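Visitor:
Numbering (the numbering used here), first residue to last: 824 to 1033.
Have a look at this one:
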C-alpha cells in the first residue's frame, strides 16, 4: 500500500500494523492510537470505545471498569466513584442511592443502616440517632417517641417508663416522680393525689392514711 490508514478512535493498530483491533471493554483510545488506555476509576467502557463513561451517583465502577454496579443498601456514592461510602450512624439508604436519608426523631438506624426502626416504649431519640435514650425517671414514652412525657402530680412512672400510674391512697407525688411519698401522720389522701389533706380538728388519720 502506498499509504498507511489511521486507526479510528476505539481501536489500536496490532503489533504488525496490519490491522486496527478494537480496544477491550474497560479501555478507550483516540484516533491513531497504538495502545488503548485504561478508563479511570469511576468510569467504564464497552469494547471498541472512543471514550469512557462516568458512573452515575449511587453506583461504582467494577474492578474491570466494564460496568457501573449499584451501591449496596446502607451505602452511597457520588458521580464517578470507584467505591461506595457507608452511611453515617443515624442515616440509611436503599440499594443504588446517591445520598443517605436521616432517620426521623423517635427512630434509630439499624446496624446495617438500611432501615429506621422505632424506638421502644420508655425510650426516645432525636433526629439522626443510632441509639434510643431511656426516659428519665418520672417520664414515660410510647413506641416511636421523639420526646418523653412528664408524669403529672399524683402519679409516678412505672419501672419500664411506659406508663404513669396513680399513687395509692395514703401517698402523694409531685410532677415527674418515679416514687410516691407516704402522707405524714395526721394527713390523708385518695388514690392519684398530688397532695395530702390534713385531718380536721378532733380527728386523726387511720394507719393507712386514707
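Note that the Cβ used here is the ideal one computed from N, Cα and C, for glycine as well.
Since the structure is predicted, the reported quantities are computational estimates derived from the model, not experimental observations.
Put residue 851 into one of helix, strand or coil per three-state DSSP.
Guide: As a working note, residue 851 is residue 28 in the chain shown. Strand at residue 851.
Visitor: Please state whether DSSP places residue 828 in a helix, a strand or coil.
Guide: For this step, residue 828 is matched to residue 5 along the chain shown. The answer is coil: DSSP assigns residue 828 none of H, G, I, E or B.
Visitor: Assuming residue 1007 and residue 1019 make a contact with CB atoms under 8 Å, what is their CB distance in whole Å?
Guide: Here residue 1007 refers to the residue found at position 184 when the chain shown is read from its first residue. Here residue 1019 refers to the residue found at position 196 when the chain shown is read from its first residue. With 8 Å as the limit, residue 1007 and residue 1019 qualify as a contact, their Cβ atoms being about 7 Å apart.
Visitor: If you reduce the DSSP assignment to three classes, tell me which class residue 1004 lands in.
Guide: For this step, residue 1004 is matched to residue 181 along the chain shown. Looking at residue 1004 - three-state DSSP - the assignment turns out to be strand.
Visitor: Whole angstroms is fine: what's the gap from residue 1021's alpha carbon to residue 996's?
Guide: In the chain shown, residue 1021 corresponds to position 198, counting from 1. In the chain shown, residue 996 corresponds to position 173, counting from 1. Using only the alpha carbons, I get a separation of about 16 Å.
Visitor: Return helix, strand or coil for residue 931, following the three-state DSSP convention.
Guide: Translated into the one-based positions of the chain shown, residue 931 becomes position 108. It is a strand residue.
Visitor: Do residue 948 and residue 955 come within 7 Å of each other at the CB atom, strictly closer than that value?
Guide: Taking the chain shown and counting its residues from 1, one reaches residue 955 at position 132. Taking the chain shown and counting its residues from 1, one reaches residue 948 at position 125. Taking 7 Å as the Cβ cut-off, residue 955 and residue 948 qualify as a contacting pair.
Visitor: What is the DSSP secondary structure of residue 952, reduced to helix, strand or coil?
Guide: Taking the first residue of the chain shown as position 1, residue 952 is located at position 129. Looking at residue 952 - three-state DSSP - the assignment turns out to be coil, as it is neither helix nor strand.
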